[in-house]
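975 is the number that our numbering gives to position 555 of the sequence shown; each next residue is one higher, with no gaps. Yeah, the Cβ is synthetic: ideal placement off N, Cα and C, and Gly gets one too.
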Amino acid sequence: MGALLLPVLTTSPASAEQPAGVSEAEPPMTTPWTDEVGPDNALPEYPRPQMVRDDWLNLNGTWEWAPAEEGEDPPLGTPLDDEILVPYPVESALSDVQEHHERMWYRQEVEVPEDWGDQRVRLNFGAVDWESTVWVNGTEVGSHTGGYDSFEFDITDALTDGENEIVVGVYDPTDSGGQPVGKQRLEPEGIFYTPYSGIWQTVWMEPVADTHATRLDVTPDVENEEVEVVVHAEGGDGATAHVSVSDEDGEAGSAEGAPGEPIRVPVPDPHLWSPDDPFLYDVDVTLEQDGETADEVAGYTGMRSIDTGEVDGVMRPLLNGEYVFQIGTLDQGYWPDGIATAPTDEALRFDLEAHKDLGYNTVRKHVKVEPDRWYYWADVLGLIVWQDMPNMPDGPSPEAQEQFETELHNMVDQHRSFPSITHWIPFNEGWGQYDGARITDDVKESDPSRLVTGASGWYDTGNGDAVDSHIYVGPGDPEPAEEDRISVLGEFGGYGVRVDGHEWNPGDGFGYEMLEDTDSLNHRYVGLMAGVQRLERTHGLSAAIYTEITDVENELNGMWTYDRQVLKPDADVLSEAHRELLAGEPVGGSVDLPTEEPLSLQVTTPGHEDRFLAHEDGLGGTAPVDGDSDDGLRSEATWQFVPGLADDQCYSLESVDRPGEYLRHYESRVSLESEDGSDTFAEDATWCAVPGQEGDGVSLRSYNYPDKFLRHHDSELWMAGMGGEDGDHDTAESFLPDVTWEPADPWAP
C-alpha cells in the first residue's frame, strides 16, 4: 500500500494562534498519551482514510462551550463563557470540562481559506452523541440524530468572507432516551460505564466541486480477481467515475462507469489480505464532468473473501477459502482520560497492536463504533474485526426501534469498505433485542459479503451465519456447530488481576474470577486455550473471544490495565499458546502414557517425594508407600490409565483394586466413584496428560475445566487452579510441583 500509510496532517485554524498546552483537568488515571494532548494537536490526522482529499481544514481544538437548557435559543453571535477541547467528550478530562450535561452548546469562529475559491464547502462530523443541530452565521444548515455515525452538511450558502460562526447544539439523554448507547449509563456500575456526550470525533471542513464523491463502496471479489467499486456522488448525473487499483509495482487494473453503479476493476492474481499478510491495494477515483476533472479521492482495499463452508464435515468460517480459527478479545474502546475518544492516533493504534503482540488474529469491537482510523489500523496491522451494533438499554418503543435500525444501517453503510471487518453483530445478550431474525436477515441482505451473527449470547435468533455462546469463565460447553452455522464462543474468560496504582477505584474492581499475579494468569489462561482447542475438535468451535484486552473502569479482567501502563500476562506465554492453537499443535504440550500396564504416580513436591497418588475409603489423596507397605496400600496407590471416558485423546484413572471405579472431581474434591454412564461423570473422570508444570514428569489437566489440574494439597486430592478463589487448594503456593507427578513402576503386588 502506498501513500495512505502516512497520515495527512494539518493544523487546526481554531488553535493555530494558541500556545501549545495540555489538558488542565485531572483524569482519574493517565495514559502514556495524556500529556501529549493540547489545543494545537487534538487528533490532527485526516479522519476518513477510505476517501481522502488533499485539501481540508481540521476544526479540532479549543471551542467555546456552555451547558444548555431545553427550549433555549441558540447563542448566535454570542460568545460563550467556557471552553472545551474538541473532539473529546464533555465528561472526559481531556475535554477540560469533565462534567455531564444532557444539553450543551459549542461555538467556533473559522475563516475559510482563500484558495478554496468558489468551491462548495462541506462541514463534516465524525460523530456527535446524540442529537445535534448546526448553525452557520445564524443559518440552520442541518441536524442529525445518531451517536455513532458520521454526517456532513453543505454550508456554502451560509458562508461569508472573513470569520464565520459555527454553533452546534447537542442533546444526549444517554440511557434515559432509549437510543443505542452501548455500555454508557447515567449511573455507571459493574459492567456499565461513564457516559460520553457531545462531539467525540473529529470535525473538519473540505472544499468540493458541484460534482463530488460522497462515499466509496469497495468490495473485493477474490474469486473473479476483481474489485467492485460503487462511487456515490452528488451532482453526478452525466459524470464518469474512473477507478484505478494499484500496488507498489504500479497499476493492477482500472475501469470506469457511472456514479452509483458497480464498477468492476480487474485485479489479476491478487495478493490476498490476511492477518498474517495484511496487504493493501491503493484505490484512486477521479470524477469527470463535461470533460473536466471535478473530484479526486484516494482510498484502499484488501483482497480477501469471507464465507462459511464445510471442512471435514463441520461448518467453518473460511477466510480466502481456507479455515482459520479466529482467536481474539473483547475490545470496548474506553479510555480513562478520553472515555470514548483515544487521546491520540498512536493510542488508538495501541490496543490493536496489543492484540498482534499477544498473538491474536481477531478483535470483537464491543457495542461501540470507533473512528474510521481505528478500522484503518486494523486493516494495516491485520486483524479480523467483528463489529457490534451499540445496543439499546431497554425494551425499545416503536420509535426507538426505528432509530436503532436507521443507525444500524448507517453503521453498515459507512464501514462496508474496511476489509478487516468480516462480521456484523446486531444484538448482544438480549439488550434491547427485538425482531432478531428479521433484523439478521435484513443486515445480511444489506451486506451479503460478510457474516452476520444475529445475537451474541443468550437469545439466539435461529438464523444468520453463527450460533454464539457466552460462558464465564469457561470455556464450558458452547452450542456446537450446526449444519449451516458455525459455532463461536462470543465471550469467555474474564480473569481479573489487581495492579496496585493502576485501578479506577482501588479495592472496588472485579473480574469473573480474581487471580493473584502474572504467573497465575499465565497458567490459567493457557489452560483456557487448551480447552478452546478441545472444543474446536469436539464441538466444531471456530472462534473464541476472550474478555478482554484492557481493564475498563471497575472491570479488572484486561490483559492491560485501564491506563495502558501495565501488561498483566507474559506476552511470550500467550503468544505461544495462540501459535499452538492456530497451528493445531497441542496447547501446552501433551504426554503419551501407557494404557496396557498399571502405573503409580509419585509426588514431586520437595520433602514429600515418599508419597504417591492413592485413595482411601473412596477419597483421593496421597500416601507414603515403600516396599514394606502392606499389599492393600500398595494396590490403592496403583492405577490403570485407560482411554478417557469422555475423549480417547485423554485418559481416565481406573483403580486397580476397585475395577470400574475412576478418579473424578465433584465440587473440586477428587474421589473414586463407579462409572454411571452419564456425560457429566465421563467428563469429570477424564484428565489430559501434559508435560509436568515443574521439572519433568506429567501433569493431569481437567478435561472439562482445562485451566485446572489434579493436585495434592494437605494429603488430599483436588481439581485446582493456580491462584483462584475456590479455597486453599487453589493457592498459588507450591502449585506447580503439587500438580506435577512422576510416573513410576506400579506398587501393586
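Report task. List the endpoints of the continuous beta strand (DSSP E) containing Gly719. Result -> Start at 1 with the first residue of the sequence shown, and residue 719 comes out as number 299. First-last of the beta strand (DSSP E) with Gly719: Glu712 to Thr721.
Query raised in the report: What three-state label does DSSP hand Ala997 in the structure shown?
Result: On the sequence shown, residue 997 is found 577 positions in, with the first residue counted as 1. In the structure shown, the three-state DSSP call for Ala997 is helix.
**Report entry** Endpoints, beta strand (DSSP E) assigned at Val863
**Finding:** Locating residue 863 in the sequence shown gives position 443, where the first residue counts as 1. Counted as a single uninterrupted DSSP element, the stretch harbouring Val863 is not any beta strand (DSSP E) but the alpha helix (DSSP H) occupying residues Gly856 to Ser866.
Query raised in the report: At what residues does the beta strand (DSSP E) containing Thr482 begin and finish?
Result: Taking the sequence shown and counting its residues from 1, the one referred to as residue 482 is at position 62. That run of the beta strand (DSSP E) goes Gly481 to Pro487.
Query raised in the report: Val1023 to Ser1094, Cα distance in whole Å?
Result: As a position in the sequence shown, residue 1023 is number 603, starting the count at 1. As a position in the sequence shown, residue 1094 is number 674, starting the count at 1. Using only the alpha carbons, I get a separation of about 25 Å.
Requested in this report: Grab the span of the beta strand (DSSP E) containing Thr660 for me, first residue to last.
Outcome: Within the sequence shown, numbered from 1, the residue matching residue 660 stands at position 240. Taken as a continuous stretch (DSSP letters only), the beta strand (DSSP E) holding Thr660 covers Thr660 to Asp667.
Query raised in the report: If you draw a straight line from the alpha carbon of Ser1135 to that of Phe1155, how long is it in whole angstroms?
Result: Mapped onto the sequence shown, residue 1135 falls at position 715. Mapped onto the sequence shown, residue 1155 falls at position 735. C-alpha separation (whole angstroms): 14 Å.
Query raised in the report: Beta-carbon separation of Leu707 and Ala718 under 8 Å?
Result: Residue numbering aside, residue 707 sits at position 287 when the sequence shown is read from its first letter. Residue numbering aside, residue 718 sits at position 298 when the sequence shown is read from its first letter. Result no, Cβ atoms of Leu707 and Ala718 do not sit closer than 8 Å.
Requested in this report: Using DSSP bridges, identify the partner residues of Cys1070.
Outcome: For the purposes of this step, residue 1070 is taken as the residue at position 650 of the sequence shown. Answer by DSSP bridge pairing: none, since Cys1070 is not bridged.
Query raised in the report: Looking only at C-alpha atoms, which of Asp1067, Gly1027, Glu529 and Tyr1071 sits nearest to Thr1015?
Result: Stepping through the sequence shown from its first residue, residue 1015 is reached at position 595. Comparing Cα positions, the closest option is Tyr1071.
**Report entry** Terminal residues of the beta strand (DSSP E) in which Gln709 lies
**Finding:** Working through the sequence shown from its first residue, we reach residue 709 at position 289. Run containing Gln709: Tyr701 to Gln709, per the beta strand (DSSP E) assignment.
Query raised in the report: Taking the DSSP output, what are the residues bridged to His521?
Result: Position 101 of the sequence shown, counted from the first residue, corresponds to residue 521. His521 is not bridged to any residue.
Query raised in the report: Roughly how many whole angstroms lie between the Cα atoms of Pro600 and Ser889?
Result: In the sequence shown, counting from the first residue as 1, residue 600 sits at position 180. In the sequence shown, counting from the first residue as 1, residue 889 sits at position 469. About 23 Å.
Query raised in the report: Whose C-beta lies closer than 7 Å to the C-beta of Arg468 among residues of the same chain, with five residues either side of it excluded?
Result: Start at 1 with the first residue of the sequence shown, and residue 468 comes out as number 48. Closer than 7 Å at the Cβ level, and outside the excluded window around Arg468, lie Asp792.
Query raised in the report: Who pairs with Ile841 in a beta bridge, going by DSSP?
Result: The residue you call residue 841 lines up with position 421 of the sequence shown. Under DSSP, Ile841 forms a beta bridge with Val805.
Report task. Confirm, please, whether the CB-CB distance from Gly1144 to Leu935 is below 8 Å. Result -> As a first step, residue 935 must be located in the sequence shown, where it is residue number 515. As a first step, residue 1144 must be located in the sequence shown, where it is residue number 724. Yes, they are a contact pair.
Report task. Write down every uninterrupted run of the beta strand (DSSP E) in the stretch 725–777 whose length is 3 residues or greater and which is fully enclosed by it, in chain order. Result -> 726–731, 734–739 and 746–751
Requested in this report: Could you pull the start and end residues of the beta strand (DSSP E) that Pro1044 belongs to?
Outcome: Against the sequence shown, residue 1044 aligns to sequence position 624. Residues Leu1039 to Pro1044.
Report task. Taking 8 Å as the cut-off, decide whether the C-beta atoms of Asp799 and Phe838 are in contact. Result -> On the sequence shown, position 379 is the one that residue 799 refers to. On the sequence shown, position 418 is the one that residue 838 refers to. A contact, by the Cβ cut-off of 8 Å.
**Report entry** Selected residue, minimal CA-CA separation from Ala1152, among Glu1162, Trp1161, His1132 and Ala1164
**Finding:** One-based indexing of the sequence shown puts residue 1152 at position 732. Residue His1132 is the option with its Cα nearest to Ala1152.
Query raised in the report: Per DSSP, what kind of secondary structure is Met625 in: helix, strand or coil?
Result: By one-based count along the sequence shown, residue 625 stands at place 205. Here Met625 sits in strand by DSSP.
Report task. Name the two residues that bound the continuous beta strand (DSSP E) containing Gln821. Result -> Here residue 821 is taken as the residue at index 401 of the sequence shown, counted from 1. Where Gln821 is concerned, there is no enclosing beta strand (DSSP E), although the alpha helix (DSSP H) it sits in stretches over Pro818 to His835.
**Report entry** Pro507 vs Trp620 beta-carbon contact at 8 Å
**Finding:** Numbered from its first residue, the sequence shown carries residue 507 at position 87. Numbered from its first residue, the sequence shown carries residue 620 at position 200. Cβ distance < 8 Å, so Pro507 and Trp620 count as in contact.
Requested in this report: Quick one: which unbroken beta strand (DSSP E) runs of 3-plus residues sit fully inside the stretch 950–1033? Chain order, please.
Outcome: Listed in chain order, they are 961–967 and 1020–1023.
Query raised in the report: Looking only at DSSP bridge pairs, what is Val1118 linked to?
Result: To locate residue 1118, count along the sequence shown from 1; it is residue 698. DSSP, once it has assigned bridges, lists Pro1111 and Trp1161 as partnering Val1118.
**Report entry** Ala445 in three-state terms, based on DSSP
**Finding:** Locating residue 445 in the sequence shown gives position 25, counting from the first residue. Three-state result, Ala445: coil.
Query raised in the report: Which class does Arg784 belong to by DSSP, given the choice of helix, strand or coil?
Result: The residue you call residue 784 lines up with position 364 of the sequence shown. In the structure shown, Arg784 sits in a strand (DSSP, three-state: E or B).
Requested in this report: Note down the Cα distance separating Leu1019 from Gly1112, rounded to an integer number of angstroms.
Outcome: Residue numbering aside, residue 1019 sits at position 599 when the sequence shown is read from its first letter. Residue numbering aside, residue 1112 sits at position 692 when the sequence shown is read from its first letter. So the alpha carbons of these two residues sit roughly 16 Å apart.
Requested in this report: Compare the C-alpha of Glu1081 against each of Gln1069, Val1062 and Val986 and name the closest.
Outcome: Mapped onto the sequence shown, residue 1081 falls at position 661. Minimum Cα distance to Glu1081 is reached at Val1062.
Query - For Tyr795, the three-state DSSP class (helix, strand or coil) - result: Position 375 of the sequence shown, counting from 1, holds the residue named residue 795. Residue state, collapsed to three classes: helix.
Query - Contact set for Phe612: own chain, Cβ-Cβ below 7 Å, skip 5 residues either direction - result: Walking along the sequence shown from the start, residue 612 turns up at place 192. So the list reads Lys603 and Arg605, once near-sequence residues are dropped.
Query raised in the report: By DSSP, does Thr881 sit in helix, in strand, or in coil?
Result: Taking the sequence shown and counting its residues from 1, one reaches residue 881 at position 461. Residue state, collapsed to three classes: coil.
Requested in this report: Can you tell me the Cβ-Cβ gap for Leu994 and Tyr945, rounded? I've got them flagged as a contact below 8 Å.
Outcome: Residue mapping note: residue 994 aligns to position 574 of the sequence shown, counting from 1. Residue mapping note: residue 945 aligns to position 525 of the sequence shown, counting from 1. Confirmed, about 6 Å.
Requested in this report: Give a yes or no on whether the C-beta atoms belonging to Pro608 and Glu973 are separated by under 8 Å.
Outcome: Mapped onto the sequence shown, residue 608 falls at position 188. Mapped onto the sequence shown, residue 973 falls at position 553. Contact: yes.
Query raised in the report: By how many angstroms is the C-alpha of Trp624 removed from the C-alpha of Val457?
Result: In the sequence shown, counting from the first residue as 1, residue 457 sits at position 37. In the sequence shown, counting from the first residue as 1, residue 624 sits at position 204. So the two alpha carbons sit approximately 18 Å from each other.
Query raised in the report: Grouping DSSP H, G and I as helix and E and B as strand, with all else coil, what is Tyr945?
Result: Within the sequence shown, the letter at position 525 stands for residue 945. Correct three-state label for Tyr945: helix.
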